[in-house]
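Take a look at the structure below.
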Amino acid sequence: MSVKILIADDDNDIRELIKNILILEDYIILEAANGDEALKILDQQEVNLLITDIFMPKMSGIELAVKIKAHYANLKILGITGGGNFVSSDQVKMMSNDFFTSFLKKPFEYTELIEKVKELL
Numbered sequence: 004m005s006v007k008i009l010i011a012d013d014d015n016d017i018r019e020l021i022k023n024i025l026i027l028e029d030y031i032i033l034e035a036a037n038g039d040e041a042l043k044i045l046d047q048q049e050v051n052l053l054i055t056d057i058f059m060p061k062m063s064g065i066e067l068a069v070k071i072k073a074h075y076a077n078l079k080i081l082g083i084t085g086g087g088n089f090v091s092s093d094q095v096k097m098m099s100n101d102f103f104t105s106f107l108k109k110p111f112e113y114t115e116l117i118e119k120v121k122e123l124l
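Residue numbers for the sequence shown follow my numbering, beginning at 4 and rising by one.
Written as structure tokens, this is what we have:
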């Protein structure tokens, strides 16, 4: 079975970077520029993992995770963000536990992303 990973991030460069890393690992990659696009893709096809930025316009990754958990309870979600001044380490841990299967803070190393994805799959 081919593993499908959906990447939801409003930053095209970040989406491309993650996609290019994961393609090298033979994953099938789907892309969404925002939460609405991600939900449309999930309505059309099954994916094995969602990688989403937490801070996006229109619909945040947190809002997306809440909606996904209501309709796709078994879908694993990897939340990523730069955090910056908006999120403390305690808030990151709380979000990870409440909404996401796991969490990865930007900037991350290529190997960190691969290890986290393999761990979740």
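For each residue, glycine too, the CB sits at the ideal point set by N, CA and C.
Please return the same chain residues whose Cβ sits closer than 7 Å to the Cβ of Ile32, not counting the five positions on each side in sequence. Ile8, Ile10, Lys22, Leu25 and Ile26
Please list, in chain order, all residues of the same chain as Asp14 whose beta carbon is under 8 Å from its beta carbon, the five residues on each side excluded. Asp56
Counted within 10 angstroms of its Cβ, other Cβ atoms place Thr114 as buried (16 or more) or exposed: exposed
For Leu123, I'd like the list of residues in its chain whose CB is within less than 7 Å of its CB, leaving aside the five on either flank, ordered along the chain. Leu52, Lys79, Leu81, Thr104 and Ser105
By Cβ distance, which residues of its chain are closer than 6 Å to Phe111, with the 5 residues on each side in sequence left out? none
Are the beta-carbon atoms of Asn37 and Pro60 separated by less than 8 Å? yes
Same chain, Cβ closer than 6 Å to His74, five either side skipped, listed in chain order: none
CB Lys121 to CB Leu107, shorter than 8 Å? no
Asp12 to Ser63, Cα distance in whole Å? 10 Å
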